[in-house]
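Sequence lines, in order, name chains L and Z. To convert, note that position 19 of the first sequence is 19 in UniProt numbering; the numbers rise steadily by one, no gaps. To convert, note that position 194 of the second sequence is 194 in UniProt numbering; the numbers rise steadily by one, no gaps. All residues carry an ideal CB built from backbone N, CA and C; glycine is no exception. Below: the structure, in structure tokens.
Number of protein chains: 2
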Amino acid sequence: MSGPAGEVPAAQPVAGLEAAGVPTVRPVPPATVGRLPGYLRALTELSVLGVRTTSSERLAALAGVGSAQLRRDLSWLGSHGVRGVGYDVRRLRGRVADALGVESDLAVVIVGIGRLGHALADYLRAEGGGFRVAALVDTDPGVVGSAVAGLAVEDDKDLEDVVRREGAVLAVLATPVQAAQRVCDRLVSAGVRGILAFTPARLAVPDGVTVRAADVAAELQILAFHTRGTPA
Amino acid sequence: MSGPAGEVPAAQPVAGLEAAGVPTVRPVPPATVGRLPGYLRALTELSVLGVRTTSSERLAALAGVGSAQLRRDLSWLGSHGVRGVGYDVRRLRGRVADALGVESDLAVVIVGIGRLGHALADYLRAEGGGFRVAALVDTDPGVVGSAVAGLAVEDDKDLEDVVRREGAVLAVLATPVQAAQRVCDRLVSAGVRGILAFTPARLAVPDGVTVRAADVAAELQILAFHTRGTPA
DNA sequence: AGTTGTGAATCGATTCACAGCC
DNA sequence: GGCTGTGAATCGATTCACAACT
């Protein structure tokens, strides 16, 4: 048994003006969105390898899903494979990146530059994945001003300015739990629309803002569930 | 819009000897398992607050789900609420922890003590969550032997011995990508049954072993999807 | 009166299997 | 001959709404 993690909270219902003859894009189902990053990675690998064309069978194997599911998922993007041939790797990669909204590197602000924030900054600078680490923010006067991952850490009191300056819509929250909700509120008020929180607490956000919790303890608990039953 | 992350790969089908009069436990659905950690946290909060009894309504609000869903989820655990009254917080907390398999603190080994591994070690030591950080392992001679989170970092070459010594069935993998699959294989051969991987690559594991990927780039990509459409 | 546990209904996601196209 | 895109079938998960119980 195995399997990657990832789930998406809610669908984005699209105004139903289909009747008016406007060809509305059908909303991509949450479960599909959760798999798109896997497809993107697989396609990037193939692309690097110099592969020009791939079948749904091969791509699905790389991404760890069934080929029928892959084809169904791609059909939501209005994809253009060629029957009898397969998909053009480069074109499809572009299509998936576009659907996710990571064509042009999006600005991400990381708040809380402890060991975890530092590690995440390094990782995102190196791996990329379609993002630009635009700024790092912390409260600690001993950290503010120091260089981390090639950026000068900025002062928490300027958080809103930093977010606006960089036009960041995404943020990574790596502060202690106590500060999380306050920082979250300020991020949202400054225009952030998506927050990846490494905090165990549930964060309250207004509609239109998405929070994803990266909760290590919860992940381990789920793993613990699966290791039950076969005690060795 | 908001929502925590978390999904569970596959169900554990139970041998169907119901006909023989044996009261088999019905398998808990994956979606339910994914929500149990949230319930556990909410129940722990209530318990700390000194609350003895709670309704499904209140508990569901704390966990961020609907009350009907909460009741349905708990019904898989054969839970014993009292009609007209609610659930006994302490008892229910025990029941959920038990279902997850985290009643007695499980041993966890962390491999790769870079900044990320160090941060995770600190976090798991502090937050607990039903686990005992049993050992830290790294290859770097400059790190091996140093004290991190109150433990001496051990040498990677002793990985298998360490896992067996501690009887660890869970591991956290925080090594560079290149080493991930090799370390994974060794963990599995030493008896580890669940791996939380902070590596973007898909890991191949035999049946009976569960991998959950904590992929920061993928999470951000999913967030990016939700921020599309409303360019603010 | 208040709340649970659960059938029945609904909704969404996955899989099958094949017509349609290259 | 091979492979995609998708209707139809299946499977699972969520929600409704109420009977059963304290």
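Beta strand (DSSP E) containing residue i: first to last residue?
i              : result
residue 107(L) : 106–111
residue 171(Z) : 170–173
When you measure from the CB of residue i to every non-hydrogen atom of the ligand ADP, does any distance come out below 6 Å?
i              : result
residue 194(L) : The ligand ADP is absent from the structure shown, which contains no ligands of any kind.
Under 7 Å between beta-carbons, which chain L residues line up against residue i? List them in chain order, please.
i              : result
residue 33(Z)  : 222 and 225
residue 219(Z) : 196, 212 and 214
residue 100(Z) : 221, 224 and 225
Which residues mark the beginning and the end of the alpha helix (DSSP H) in which residue i is found?
i              : result
residue 142(Z) : Looking at the DSSP string, residue 142(Z) is not in any alpha helix (DSSP H), and its letter there is neither H nor E.
residue 196(Z) : Unbroken run through residue 196(Z) is the beta strand (DSSP E), 194–197; no alpha helix (DSSP H).
residue 96(Z)  : 89–100
residue 211(Z) : No alpha helix (DSSP H) contains residue 211(Z), which is instead part of the beta strand (DSSP E) from 210–213.
residue 115(Z) : 115–127
residue 38(Z)  : 30–48
residue 226(L) : 216–227
residue 67(Z)  : 67–76
residue 56(Z)  : 56–63
residue 185(L) : 177–189
residue 162(L) : 159–166
So which residues on chain Z does residue i lean against when the C-beta distance must stay under 7 Å?
i              : result
residue 123(L) : 216
residue 106(L) : 224
Do we get a CB-CB distance below 7 Å when we pair residue i with the residues of chain L?
i              : result
residue 144(Z) : no
residue 118(Z) : yes
residue 129(Z) : yes
residue 136(Z) : no
Taking only beta-carbon atoms, is residue i less than 7 Å away from chain Z?
i              : result
residue 115(L) : yes
residue 202(L) : yes
residue 37(L)  : yes
residue 193(L) : yes
residue 20(L)  : Residue placement at residue 20(L) is poorly supported in this model, since its pLDDT is 47, which falls under 50; the coordinates are not used for a value here.
residue 23(L)  : With a pLDDT of 49 at residue 23(L), under the threshold of 50, the modelled position of that residue is not reliable, and the figure given next carries that caveat. Output row for residue 23(L): interface = no.
Using a Cβ cut-off of 8 Å, pull out every chain L residue sitting near residue i, in sequence order please.
i              : result
residue 160(Z) : Near residue 160(Z) there are no residues of chain L at all, since even the closest Cβ is about 15 Å away, more than 8 Å.
Residues of chain Z with CB closer than 8 Å to the CB of residue i, please, in chain order.
i             : result
residue 40(L) : 221
residue 64(L) : 202
Give me the Cβ distance between residue i and residue j, rounded to the nearest whole Å; I'm assuming they're in contact under 8 Å.
i              : j              : result
residue 178(Z) : residue 100(L) : Not a contact, Cβ separation roughly 26 Å.
residue 63(L)  : residue 74(L)  : Not confirmed; about 11 Å, so no contact.
residue 89(Z)  : residue 46(Z)  : 5 Å
residue 219(L) : residue 120(Z) : Between residue 120(Z) and residue 219(L) the Cβ distance is about 11 Å, and since that is not below 8 Å, they are no contact.
residue 216(Z) : residue 59(L)  : About 23 Å; that fails the 8 Å criterion.
residue 240(L) : residue 76(L)  : This structure does not reach residue 240(L), given that chain L is present from 1 up to 232, and the question cannot be answered.
residue 112(Z) : residue 173(Z) : 7 Å
Along chain L, which residues have their Cβ under 9 Å away from the Cβ of residue i?
i              : result
residue 164(Z) : Chain L residues near residue 164(Z): none, gap ~11 Å exceeds 9 Å.
If we count Cβ pairs, one from each stretch, closer than 8 Å, do we get three or more for the region 124–144 of chain L versus the region 199–214 of chain L? The region 124–144 of chain L is not in contact with the region 199–214 of chain L.
Count the C-beta pairs between the region 184–194 of chain Z and the region 152–165 of chain Z that are closer than 8 Å, then say yes if the count reaches three, no if not. Contact between the region 184–194 of chain Z and the region 152–165 of chain Z is present, because at least three Cβ pairs lie under 8 Å.
Looking at C-beta atoms only, is the number of pairs between the region 164–175 of chain Z and the region 103–115 of chain Z that lie closer than 8 Å three or more? With the cut-off at 8 Å, the region 164–175 of chain Z and the region 103–115 of chain Z touch.
Decide if the region 51–68 of chain Z is in contact with the region 78–98 of chain Z; the criterion is three or more beta carbon pairs, one per stretch, under 8 Å apart. Under the three-pair Cβ rule at 8 Å, the region 51–68 of chain Z counts as touching the region 78–98 of chain Z.
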